[in-house]
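In my numbering, the protein residues as written are 1397 to 1600.
One structure is given below, encoded as structure tokens.
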């Protein structure tokens, strides 16, 4: 049975400094590095001995979340730009969340709205994740791990279930920093969300 595990990056600097995330390349905080270590130790113990492939966003906060797990399992991480967070546009680079709220055209709630000039829409994120999802299903490994970001993973949930992007106009499935999700294909055809938002791996 093909299994996919998603890992939302651990606490990073933009979670505590009031700055925008997106494609701004923030580092993990001290707590975030400790959370990543715990995930690597605990999830790594569960996956030890299995055939595992790890994909990660190339942004530092995701890459450094993936690193302890990859080290524990002795596998390389494949960095993919498709797993990056939403691009909020060039004007948002280096800006605060307060600045964004004051200057954005809208909050991109509709799948075809751009919150700022040059920003991605939800539909565009859906379209960049879809080919990666299909690629992953053709991989020989039993377990695939995706390390990404909250906004991108909320779209991933829709892609995985094979739902049209329009459902994101009315609903969404979001997690918190350091959460683990699990997905599988039951009986070779039914795509399932087995668990979502599991914070147990980062707790004391």
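The beta carbon of each residue, even a glycine, is placed where N, CA and C say it ideally should be.
Asked	Found
Bridge-paired residues (DSSP) for residue 1594	1576
From 1474, 1444 and 1465, residue whose alpha carbon lies closest to that of residue 1576	1465
Cβ contact check for the stretch 1538-1545 and the stretch 1454-1461: 3 or more pairs under 8 Å	yes
Beta bridge counterpart(s) of residue 1492 as assigned by DSSP	1415
8 Å CB neighbourhood of residue 1415 in its chain, flanking five on each side removed	1409, 1422, 1490, 1491, 1492 and 1493
Residue 1527 burial status per 10 Å Cβ neighbour count (16 or more: buried)	exposed
Residue 1602 classed as buried or exposed, judged by whether at least 16 other C-beta atoms fall within 10 angstroms	Residue 1602 falls outside the range modelled here, since the chain spans only 1397 to 1600, and no answer is possible.
Beta-carbon contacts of residue 1550 that lie in its chain and below 7 Å, excluding the five residues immediately before and after	1568, 1569 and 1570
Validate contact between the stretch 1465-1474 and the stretch 1437-1455 using beta carbons, cut 8 Å, 3 pairs	yes
As assigned by DSSP and simplified to three states, the class of residue 1541	strand
For residue 1500 and residue 1401, the rounded distance between their alpha carbons	33 Å
Simplified DSSP state of residue 1453, which is helix, strand or coil	coil
Alpha carbon of residue 1470 to alpha carbon of residue 1444, nearest angstrom	9 Å
Rounded separation between residue 1533 and residue 1398 - CA only	8 Å
Limits of the beta strand (DSSP E) - the one that residue 1400 falls within	1399-1404
Beta-carbon proximity of residue 1412 to residue 1597, cut-off 7 Å	no
Three-state class that DSSP yields for residue 1448 in the structure shown	strand
Under the three-state DSSP convention, the category residue 1535 falls into	coil
Inter-residue spacing [alpha-carbon to alpha-carbon] between residue 1573 and residue 1419	16 Å
Whether residue 1519 touches residue 1508 by CB criterion (7 Å)	yes
Extent of the continuous alpha helix (DSSP H) to which residue 1632 belongs	Residue numbering for the chain in the displayed model covers 1397 to 1600; residue 1632 lies beyond these limits and cannot be assessed.
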